[in-house]
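What follows is a single structure, written as C-alpha coordinates, with notes after it.
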Amino acid sequence: MRVAGTPGPPGGLGWRRARAGAPPDSPPLPEEPALPRALLALAIGAFGIGTTEFVVLGMLPDIAEGLGVSVSAVGLLISAYALGVVVGAPLLTAVGVRFTPRQTLVALMVLFTVGNALSAVAPDYTTLAVARVLTALAHGSFFGVGAVAARRMVPREKAGRAISLMISGLTLANVIGVPLGTFVAQTTSWRYVLAGVAVIGLVTIAALLAWMPDAAGEPTDLRAELAAFRRRQVWLVLGVTMVGFSAMFAVYSYVNPILTELGGIPEAWVTPVLALFGVGTTVGTLVGGPLGDRFGFAFVATGLVAIAGVLAAFAVLARTPAAAVALLVLFGTIAFALGPVVQDRVIVAARVRGGTLVSAANQGAFNVANALGAALGAATLSAGLGYTAPIWVGALLALAGAGVALAALHGERRELPDPVEQDVVAWTGAVAPLAATA
(Lines of atoms letter the chains of each structure in order from A and count residues from 1; the text may use other names and numbers.)
(Lines give C-alpha, C1' and ligand atoms only; values in the text may rest on other atoms or scores of the structure.)
Protein backbone atom coordinates (compact mmCIF):
# COMPACT_ATOMS: atom_id res chain seq x y z
CA MET A 1 0.00 0.00 0.00
CA ARG A 2 1.30 3.45 -0.91
CA VAL A 3 0.06 6.83 0.28
CA ALA A 4 -0.59 9.18 -2.64
CA GLY A 5 -0.58 12.94 -2.50
CA THR A 6 1.08 13.23 0.88
CA PRO A 7 4.29 15.05 1.71
CA GLY A 8 7.35 13.07 2.67
CA PRO A 9 9.28 13.91 5.81
CA PRO A 10 11.22 17.16 5.40
CA GLY A 11 14.55 18.07 6.88
CA GLY A 12 17.03 17.65 4.06
CA LEU A 13 16.25 13.96 3.39
CA GLY A 14 17.49 12.70 0.03
CA TRP A 15 15.35 11.04 -2.59
CA ARG A 16 16.08 7.98 -4.70
CA ARG A 17 15.40 8.39 -8.40
CA ALA A 18 15.29 4.70 -9.15
CA ARG A 19 13.79 1.65 -7.53
CA ALA A 20 14.69 -1.96 -8.13
CA GLY A 21 12.17 -3.42 -10.53
CA ALA A 22 10.31 -0.11 -10.97
CA PRO A 23 9.95 1.90 -14.20
CA PRO A 24 12.49 4.72 -14.65
CA ASP A 25 9.77 7.38 -14.47
CA SER A 26 8.19 6.05 -11.25
CA PRO A 27 7.80 8.52 -8.36
CA PRO A 28 10.90 8.89 -6.19
CA LEU A 29 10.94 7.20 -2.82
CA PRO A 30 12.58 8.54 0.34
CA GLU A 31 15.95 7.13 1.27
CA GLU A 32 16.75 5.61 4.62
CA PRO A 33 18.84 8.54 5.92
CA ALA A 34 21.05 8.76 8.92
CA LEU A 35 19.39 10.53 11.81
CA PRO A 36 19.79 14.28 11.22
CA ARG A 37 22.36 16.25 13.19
CA ALA A 38 19.62 18.65 14.28
CA LEU A 39 18.54 15.98 16.78
CA LEU A 40 21.94 16.37 18.42
CA ALA A 41 21.29 20.11 18.71
CA LEU A 42 17.99 19.38 20.47
CA ALA A 43 19.69 16.87 22.77
CA ILE A 44 22.36 19.41 23.72
CA GLY A 45 19.65 21.93 24.58
CA ALA A 46 17.80 19.30 26.62
CA PHE A 47 21.04 18.52 28.47
CA GLY A 48 21.46 22.18 29.38
CA ILE A 49 17.85 22.50 30.50
CA GLY A 50 18.02 19.35 32.62
CA THR A 51 21.27 20.47 34.21
CA THR A 52 20.08 23.94 35.16
CA GLU A 53 16.79 22.60 36.54
CA PHE A 54 18.21 19.94 38.84
CA VAL A 55 21.72 21.14 39.69
CA VAL A 56 20.31 23.74 42.09
CA LEU A 57 19.31 20.86 44.38
CA GLY A 58 22.98 20.08 44.95
CA MET A 59 24.02 23.71 45.26
CA LEU A 60 21.50 24.94 47.85
CA PRO A 61 24.04 25.43 50.68
CA ASP A 62 26.58 27.07 48.36
CA ILE A 63 24.07 29.54 46.92
CA ALA A 64 22.68 30.32 50.36
CA GLU A 65 26.15 31.08 51.70
CA GLY A 66 27.08 33.14 48.67
CA LEU A 67 24.02 35.35 48.83
CA GLY A 68 23.70 35.45 52.62
CA VAL A 69 20.23 33.90 52.75
CA SER A 70 18.80 30.72 54.28
CA VAL A 71 18.81 27.33 52.56
CA SER A 72 15.01 27.30 52.71
CA ALA A 73 14.90 30.61 50.83
CA VAL A 74 17.09 29.17 48.09
CA GLY A 75 14.84 26.12 48.06
CA LEU A 76 11.99 28.38 46.96
CA LEU A 77 13.92 28.90 43.73
CA ILE A 78 12.94 25.33 42.83
CA SER A 79 9.27 26.23 43.15
CA ALA A 80 9.86 29.45 41.22
CA TYR A 81 11.44 27.47 38.40
CA ALA A 82 8.50 25.04 38.31
CA LEU A 83 6.10 27.99 38.15
CA GLY A 84 8.08 29.42 35.24
CA VAL A 85 7.80 26.11 33.37
CA VAL A 86 4.01 25.95 33.88
CA VAL A 87 3.52 29.55 32.72
CA GLY A 88 6.07 29.54 29.93
CA ALA A 89 5.06 26.29 28.19
CA PRO A 90 1.66 27.44 26.88
CA LEU A 91 2.45 31.14 26.68
CA LEU A 92 5.66 31.04 24.65
CA THR A 93 4.45 28.13 22.55
CA ALA A 94 1.33 30.11 21.62
CA VAL A 95 3.52 33.04 20.60
CA GLY A 96 5.84 30.72 18.68
CA VAL A 97 3.19 29.22 16.38
CA ARG A 98 3.61 32.28 14.15
CA PHE A 99 7.20 31.25 13.44
CA THR A 100 8.97 28.14 12.20
CA PRO A 101 10.18 25.66 14.83
CA ARG A 102 13.77 26.63 14.00
CA GLN A 103 13.09 30.29 14.72
CA THR A 104 11.15 29.50 17.90
CA LEU A 105 13.76 27.10 19.26
CA VAL A 106 16.59 29.56 18.67
CA ALA A 107 14.62 32.32 20.41
CA LEU A 108 13.87 30.04 23.36
CA MET A 109 17.54 29.15 23.75
CA VAL A 110 18.48 32.83 23.64
CA LEU A 111 16.07 33.39 26.53
CA PHE A 112 17.50 30.35 28.32
CA THR A 113 21.08 31.55 27.84
CA VAL A 114 20.33 35.07 29.03
CA GLY A 115 18.56 33.69 32.11
CA ASN A 116 21.49 31.48 33.08
CA ALA A 117 24.05 34.21 32.42
CA LEU A 118 22.05 36.61 34.60
CA SER A 119 21.80 33.91 37.29
CA ALA A 120 25.58 33.48 37.25
CA VAL A 121 26.22 37.16 37.97
CA ALA A 122 23.16 37.85 40.16
CA PRO A 123 24.25 40.23 42.94
CA ASP A 124 21.37 39.36 45.25
CA TYR A 125 18.62 36.86 45.93
CA THR A 126 15.86 38.82 44.16
CA THR A 127 17.85 39.07 40.95
CA LEU A 128 18.61 35.36 41.06
CA ALA A 129 14.93 34.52 41.58
CA VAL A 130 13.89 36.65 38.59
CA ALA A 131 16.65 35.12 36.46
CA ARG A 132 15.59 31.58 37.38
CA VAL A 133 11.98 32.26 36.39
CA LEU A 134 13.21 33.80 33.14
CA THR A 135 15.26 30.67 32.47
CA ALA A 136 12.34 28.38 33.24
CA LEU A 137 10.03 30.10 30.76
CA ALA A 138 11.90 28.41 27.91
CA HIS A 139 11.81 24.91 29.43
CA GLY A 140 8.39 23.48 28.57
CA SER A 141 8.10 25.25 25.24
CA PHE A 142 11.52 23.98 24.11
CA PHE A 143 10.52 20.37 24.68
CA GLY A 144 7.06 20.91 23.19
CA VAL A 145 8.28 22.58 20.00
CA GLY A 146 11.39 20.40 19.87
CA ALA A 147 9.35 17.19 19.91
CA VAL A 148 7.30 18.37 16.93
CA ALA A 149 10.44 19.42 15.04
CA ALA A 150 12.24 16.16 15.88
CA ARG A 151 9.52 13.93 14.49
CA ARG A 152 9.25 16.03 11.33
CA MET A 153 12.90 15.44 10.45
CA VAL A 154 12.68 11.66 10.18
CA PRO A 155 10.48 9.11 8.42
CA ARG A 156 7.11 8.58 10.09
CA GLU A 157 8.08 5.20 11.48
CA LYS A 158 11.00 6.74 13.39
CA ALA A 159 9.15 9.63 15.04
CA GLY A 160 9.32 8.13 18.53
CA ARG A 161 13.02 7.38 18.15
CA ALA A 162 13.70 11.00 17.20
CA ILE A 163 11.87 12.28 20.29
CA SER A 164 13.70 9.79 22.51
CA LEU A 165 17.05 11.04 21.24
CA MET A 166 16.12 14.59 22.17
CA ILE A 167 14.89 13.59 25.63
CA SER A 168 18.04 11.54 26.23
CA GLY A 169 19.82 14.85 26.74
CA LEU A 170 17.60 15.47 29.75
CA THR A 171 18.33 12.08 31.30
CA LEU A 172 22.07 12.44 30.67
CA ALA A 173 21.94 15.72 32.57
CA ASN A 174 21.10 13.74 35.70
CA VAL A 175 23.92 11.28 35.05
CA ILE A 176 26.64 13.75 34.05
CA GLY A 177 25.59 17.39 34.27
CA VAL A 178 24.14 17.49 37.77
CA PRO A 179 26.90 15.51 39.56
CA LEU A 180 29.60 17.44 37.71
CA GLY A 181 27.90 20.75 38.44
CA THR A 182 27.54 19.89 42.13
CA PHE A 183 31.25 19.01 42.30
CA VAL A 184 32.25 22.28 40.62
CA ALA A 185 30.02 24.27 42.98
CA GLN A 186 31.54 22.60 46.02
CA THR A 187 35.13 23.04 44.87
CA THR A 188 34.95 26.45 43.18
CA SER A 189 31.72 28.46 42.87
CA TRP A 190 28.10 27.85 41.96
CA ARG A 191 28.35 30.86 39.65
CA TYR A 192 30.74 28.95 37.38
CA VAL A 193 28.16 26.18 37.06
CA LEU A 194 25.40 28.48 35.84
CA ALA A 195 27.84 30.29 33.57
CA GLY A 196 28.78 26.90 32.12
CA VAL A 197 25.11 26.16 31.44
CA ALA A 198 24.87 29.51 29.64
CA VAL A 199 27.74 28.32 27.41
CA ILE A 200 25.77 25.14 26.68
CA GLY A 201 22.94 27.44 25.61
CA LEU A 202 25.26 29.23 23.19
CA VAL A 203 26.44 25.91 21.76
CA THR A 204 22.81 24.87 21.27
CA ILE A 205 22.01 28.11 19.45
CA ALA A 206 24.97 27.62 17.12
CA ALA A 207 24.00 23.98 16.48
CA LEU A 208 20.37 24.89 15.77
CA LEU A 209 21.40 27.60 13.32
CA ALA A 210 23.83 25.24 11.59
CA TRP A 211 21.82 22.02 11.53
CA MET A 212 18.10 22.68 12.03
CA PRO A 213 16.41 22.86 8.60
CA ASP A 214 13.65 25.36 7.92
CA ALA A 215 11.70 22.40 6.54
CA ALA A 216 11.37 20.95 10.06
CA GLY A 217 8.03 22.73 10.28
CA GLU A 218 6.14 25.83 9.33
CA PRO A 219 4.16 28.54 11.10
CA THR A 220 0.70 27.35 12.13
CA ASP A 221 -2.59 28.88 13.09
CA LEU A 222 -3.20 29.48 16.81
CA ARG A 223 -6.93 28.82 16.51
CA ALA A 224 -6.27 25.46 14.89
CA GLU A 225 -3.76 24.60 17.62
CA LEU A 226 -6.27 25.52 20.32
CA ALA A 227 -9.00 23.53 18.58
CA ALA A 228 -7.00 20.37 19.25
CA PHE A 229 -7.94 20.66 22.92
CA ARG A 230 -11.56 19.97 22.01
CA ARG A 231 -10.58 16.44 21.12
CA ARG A 232 -11.28 13.73 23.69
CA GLN A 233 -8.27 11.74 22.51
CA VAL A 234 -5.90 14.60 23.40
CA TRP A 235 -7.20 14.68 26.96
CA LEU A 236 -6.91 10.92 27.27
CA VAL A 237 -3.22 11.10 26.35
CA LEU A 238 -2.67 14.01 28.73
CA GLY A 239 -4.48 11.92 31.36
CA VAL A 240 -1.99 9.10 30.83
CA THR A 241 0.81 11.54 31.57
CA MET A 242 -0.84 13.07 34.62
CA VAL A 243 -1.97 9.79 36.20
CA GLY A 244 0.51 7.22 34.95
CA PHE A 245 3.66 9.25 35.46
CA SER A 246 2.58 10.40 38.91
CA ALA A 247 3.54 6.84 39.92
CA MET A 248 7.16 7.68 39.29
CA PHE A 249 7.09 10.85 41.36
CA ALA A 250 5.22 9.19 44.24
CA VAL A 251 8.26 6.96 44.67
CA TYR A 252 11.17 9.05 43.46
CA SER A 253 10.25 12.03 45.65
CA TYR A 254 11.06 9.88 48.70
CA VAL A 255 13.73 7.63 47.25
CA ASN A 256 16.41 8.76 49.71
CA PRO A 257 14.58 7.69 52.90
CA ILE A 258 13.21 4.61 51.15
CA LEU A 259 16.74 3.45 50.39
CA THR A 260 18.24 4.38 53.74
CA GLU A 261 15.37 3.65 56.15
CA LEU A 262 13.95 0.57 54.45
CA GLY A 263 16.89 -0.77 52.49
CA GLY A 264 19.49 0.01 55.10
CA ILE A 265 21.75 1.47 52.43
CA PRO A 266 24.37 3.89 53.84
CA GLU A 267 23.80 7.55 53.03
CA ALA A 268 27.11 7.68 51.15
CA TRP A 269 25.83 5.06 48.71
CA VAL A 270 22.64 6.90 47.79
CA THR A 271 24.36 9.08 45.19
CA PRO A 272 25.90 6.11 43.30
CA VAL A 273 22.51 4.36 43.39
CA LEU A 274 20.83 7.43 41.93
CA ALA A 275 23.54 7.52 39.26
CA LEU A 276 22.57 3.96 38.34
CA PHE A 277 18.95 5.08 38.27
CA GLY A 278 19.98 7.85 35.87
CA VAL A 279 21.74 5.37 33.61
CA GLY A 280 18.58 3.28 33.61
CA THR A 281 16.44 6.27 32.65
CA THR A 282 18.79 7.06 29.77
CA VAL A 283 18.70 3.49 28.48
CA GLY A 284 14.93 3.43 28.83
CA THR A 285 14.54 6.69 26.94
CA LEU A 286 16.65 5.47 24.02
CA VAL A 287 14.93 2.08 23.85
CA GLY A 288 11.42 3.39 24.40
CA GLY A 289 11.26 5.48 21.23
CA PRO A 290 11.76 2.58 18.79
CA LEU A 291 9.42 0.34 20.80
CA GLY A 292 6.79 3.06 20.75
CA ASP A 293 7.17 3.40 16.98
CA ARG A 294 6.42 -0.29 16.66
CA PHE A 295 3.72 -0.86 19.28
CA GLY A 296 2.25 2.59 20.03
CA PHE A 297 -0.05 2.93 23.01
CA ALA A 298 -0.12 -0.82 23.54
CA PHE A 299 3.47 -0.42 24.70
CA VAL A 300 2.44 2.35 27.11
CA ALA A 301 -0.38 0.31 28.65
CA THR A 302 1.84 -2.76 28.99
CA GLY A 303 4.67 -0.65 30.43
CA LEU A 304 2.45 0.87 33.11
CA VAL A 305 1.24 -2.58 34.16
CA ALA A 306 4.89 -3.67 34.31
CA ILE A 307 5.69 -0.63 36.50
CA ALA A 308 2.92 -1.64 38.88
CA GLY A 309 4.41 -5.12 39.13
CA VAL A 310 7.94 -3.80 39.67
CA LEU A 311 6.76 -1.43 42.39
CA ALA A 312 4.81 -4.19 44.13
CA ALA A 313 7.99 -6.28 44.18
CA PHE A 314 9.94 -3.21 45.35
CA ALA A 315 7.56 -2.70 48.28
CA VAL A 316 7.95 -6.32 49.34
CA LEU A 317 11.74 -6.51 48.84
CA ALA A 318 12.70 -2.94 49.82
CA ARG A 319 14.57 -4.20 52.91
CA THR A 320 16.89 -6.29 50.76
CA PRO A 321 19.51 -3.80 49.47
CA ALA A 322 20.52 -5.60 46.27
CA ALA A 323 16.93 -6.28 45.27
CA ALA A 324 15.87 -2.73 46.14
CA VAL A 325 18.56 -1.19 43.95
CA ALA A 326 17.88 -3.53 41.03
CA LEU A 327 14.13 -2.91 41.16
CA LEU A 328 14.60 0.86 41.47
CA VAL A 329 16.80 0.94 38.34
CA LEU A 330 14.33 -1.29 36.46
CA PHE A 331 11.51 1.01 37.55
CA GLY A 332 13.31 4.07 36.15
CA THR A 333 14.17 2.29 32.92
CA ILE A 334 10.56 1.31 32.18
CA ALA A 335 9.08 4.63 33.28
CA PHE A 336 11.37 6.70 31.07
CA ALA A 337 10.87 4.34 28.13
CA LEU A 338 7.23 5.45 28.05
CA GLY A 339 7.90 9.20 28.01
CA PRO A 340 8.87 9.62 24.32
CA VAL A 341 5.93 7.44 23.26
CA VAL A 342 3.35 9.55 25.10
CA GLN A 343 4.97 12.73 23.78
CA ASP A 344 4.66 11.41 20.24
CA ARG A 345 1.09 10.16 20.58
CA VAL A 346 -0.26 13.42 21.99
CA ILE A 347 0.95 15.16 18.82
CA VAL A 348 -0.76 12.52 16.69
CA ALA A 349 -3.94 12.86 18.75
CA ALA A 350 -4.11 16.60 18.04
CA ARG A 351 -4.72 15.95 14.32
CA VAL A 352 -3.57 19.43 13.40
CA ARG A 353 -0.66 20.61 11.30
CA GLY A 354 1.96 21.29 13.94
CA GLY A 355 0.62 20.20 17.31
CA THR A 356 3.07 22.32 19.28
CA LEU A 357 0.52 23.50 21.84
CA VAL A 358 -0.61 20.01 22.84
CA SER A 359 3.03 18.93 22.84
CA ALA A 360 3.87 21.74 25.27
CA ALA A 361 0.76 20.94 27.29
CA ASN A 362 2.11 17.44 27.81
CA GLN A 363 5.17 19.00 29.44
CA GLY A 364 2.81 20.78 31.80
CA ALA A 365 1.08 17.46 32.44
CA PHE A 366 4.40 16.02 33.61
CA ASN A 367 4.57 18.82 36.18
CA VAL A 368 1.04 17.97 37.31
CA ALA A 369 2.15 14.34 37.68
CA ASN A 370 5.10 15.51 39.75
CA ALA A 371 2.87 17.46 42.12
CA LEU A 372 0.19 14.76 42.31
CA GLY A 373 2.56 11.87 42.95
CA ALA A 374 4.59 13.75 45.56
CA ALA A 375 1.44 14.96 47.33
CA LEU A 376 -0.15 11.49 47.52
CA GLY A 377 3.11 10.00 48.74
CA ALA A 378 3.35 12.72 51.41
CA ALA A 379 -0.22 12.03 52.50
CA THR A 380 0.56 8.40 53.23
CA LEU A 381 3.67 9.35 55.18
CA SER A 382 1.73 11.93 57.18
CA ALA A 383 -0.78 9.21 58.02
CA GLY A 384 2.05 7.18 59.56
CA LEU A 385 1.87 4.36 57.03
CA GLY A 386 5.64 4.12 56.60
CA TYR A 387 7.97 4.35 53.64
CA THR A 388 6.51 1.38 51.80
CA ALA A 389 3.24 3.31 51.45
CA PRO A 390 4.44 5.69 48.68
CA ILE A 391 5.62 2.65 46.75
CA TRP A 392 2.17 1.06 46.93
CA VAL A 393 0.63 4.39 45.96
CA GLY A 394 2.89 4.42 42.91
CA ALA A 395 1.78 0.90 41.97
CA LEU A 396 -1.89 1.89 42.17
CA LEU A 397 -1.30 5.05 40.14
CA ALA A 398 0.49 3.02 37.47
CA LEU A 399 -2.49 0.66 37.22
CA ALA A 400 -4.84 3.62 36.96
CA GLY A 401 -2.63 5.09 34.26
CA ALA A 402 -2.72 1.77 32.40
CA GLY A 403 -6.51 1.97 32.41
CA VAL A 404 -6.39 5.45 30.88
CA ALA A 405 -3.82 4.22 28.34
CA LEU A 406 -6.15 1.40 27.30
CA ALA A 407 -8.94 3.93 26.79
CA ALA A 408 -6.57 6.07 24.71
CA LEU A 409 -5.53 3.01 22.69
CA HIS A 410 -9.18 2.15 22.02
CA GLY A 411 -9.93 5.72 20.98
CA GLU A 412 -6.90 5.84 18.69
CA ARG A 413 -7.86 2.62 16.94
CA ARG A 414 -11.48 3.70 16.62
CA GLU A 415 -10.52 7.02 15.04
CA LEU A 416 -7.73 5.69 12.84
CA PRO A 417 -8.27 2.01 12.13
CA ASP A 418 -5.88 2.08 9.18
CA PRO A 419 -2.23 2.47 10.31
CA VAL A 420 -1.32 4.14 7.01
CA GLU A 421 -4.08 6.71 7.54
CA GLN A 422 -2.76 7.20 11.07
CA ASP A 423 0.68 7.99 9.63
CA VAL A 424 -0.83 10.59 7.33
CA VAL A 425 -2.54 12.33 10.24
CA ALA A 426 0.71 12.37 12.17
CA TRP A 427 2.42 14.21 9.32
CA THR A 428 -0.21 16.41 7.69
CA GLY A 429 -2.63 17.10 10.53
CA ALA A 430 -5.63 15.93 8.50
CA VAL A 431 -6.85 12.68 7.00
CA ALA A 432 -5.41 12.92 3.49
CA PRO A 433 -6.81 10.99 0.55
CA LEU A 434 -5.43 7.49 0.41
CA ALA A 435 -4.74 5.43 -2.63
CA ALA A 436 -3.99 1.76 -2.33
CA THR A 437 -1.86 0.12 -4.98
CA ALA A 438 -0.88 -3.47 -5.36
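Residue numbers (our numbering): 1 to 438.
Ideal Cβ placement from N, Cα and C applies to all residues, glycine included.
Limits of the alpha helix (DSSP H) - the one that residue i falls within
{"i": "T204", "result": "W190 to W211"}
{"i": "P272", "result": "V270 to F295"}
{"i": "E157", "result": "Run containing E157: none; DSSP gives neither H nor E here."}
{"i": "S119", "result": "P101 to A120"}
{"i": "I391", "result": "A389 to E415"}
{"i": "R345", "result": "P321 to A350"}
{"i": "E225", "result": "L222 to A227"}
{"i": "V184", "result": "V178 to T187"}
{"i": "R231", "result": "That residue, R231, is in no alpha helix (DSSP H); it is neither H nor E in DSSP."}
{"i": "F366", "result": "T356 to S382"}
CB of residue i within 8 Å of CB of residue j, strictly
{"i": "I265", "j": "Y387", "result": "no"}
{"i": "I200", "j": "I44", "result": "yes"}
{"i": "V237", "j": "V346", "result": "yes"}
{"i": "A82", "j": "N256", "result": "no"}
{"i": "S253", "j": "G373", "result": "yes"}
{"i": "S359", "j": "V148", "result": "yes"}
{"i": "S141", "j": "G88", "result": "yes"}
{"i": "L441", "j": "L111", "result": "Summary: the structure shown does not reach residue 441, with the chain confined to residues 1 through 438, and so no result is reported for it."}
{"i": "G401", "j": "A335", "result": "no"}
{"i": "G339", "j": "G288", "result": "yes"}
{"i": "G146", "j": "M166", "result": "yes"}
{"i": "A451", "j": "G169", "result": "Since the first residue of the chain shown is 1 and the last is 438, residue 451 is not available in this structure."}
Where residue i sits in the DSSP three-state scheme
{"i": "E261", "result": "helix"}
{"i": "S253", "result": "coil"}
{"i": "A138", "result": "helix"}
{"i": "D214", "result": "helix"}
{"i": "A308", "result": "helix"}
{"i": "G386", "result": "coil"}
{"i": "R521", "result": "Beyond the ends of the chain as shown, which are 1 and 438, falls residue 521; an answer cannot be given."}
{"i": "A149", "result": "helix"}
{"i": "G8", "result": "Here the model assigns G8 a pLDDT of 42, short of 50, so the residue's position is not dependable, and the following value carries that caveat. If DSSP states are grouped into helix, strand and coil, G8 belongs with coil."}
{"i": "R132", "result": "helix"}
{"i": "V316", "result": "helix"}
{"i": "G96", "result": "helix"}
{"i": "F47", "result": "helix"}
{"i": "F143", "result": "helix"}
{"i": "F245", "result": "coil"}
- So does the segment 343-352 actually touch the segment 309-321, counting three or more Cβ pairs closer than 8 Å? no
- Where are the beta strand (DSSP E) runs, 3 residues long or more, that stay fully inside the segment 61-89, in chain order? none
- Task: Decide yes or no for the touch test of the segment 112-130 against the segment 188-195: beta carbon pairs closer than 8 Å, at least 3 of them.
- Result: yes
- Message: Pairs of beta-carbons, one from the segment 200-209 and one from the segment 183-191, closer than 8 Å: are there three or more?
- Response: no
- Message: Pairs of beta-carbons, one from the segment 211-229 and one from the segment 56-73, closer than 8 Å: are there three or more?
- Response: no
- Query: Are three or more beta carbon pairs between the segment 266-274 and the segment 388-399 nearer than 8 Å?
  - Reply: no
- Query: Touch check for the segment 125-133 and the segment 63-79: three-plus C-beta pairs under 8 Å?
  - Reply: yes
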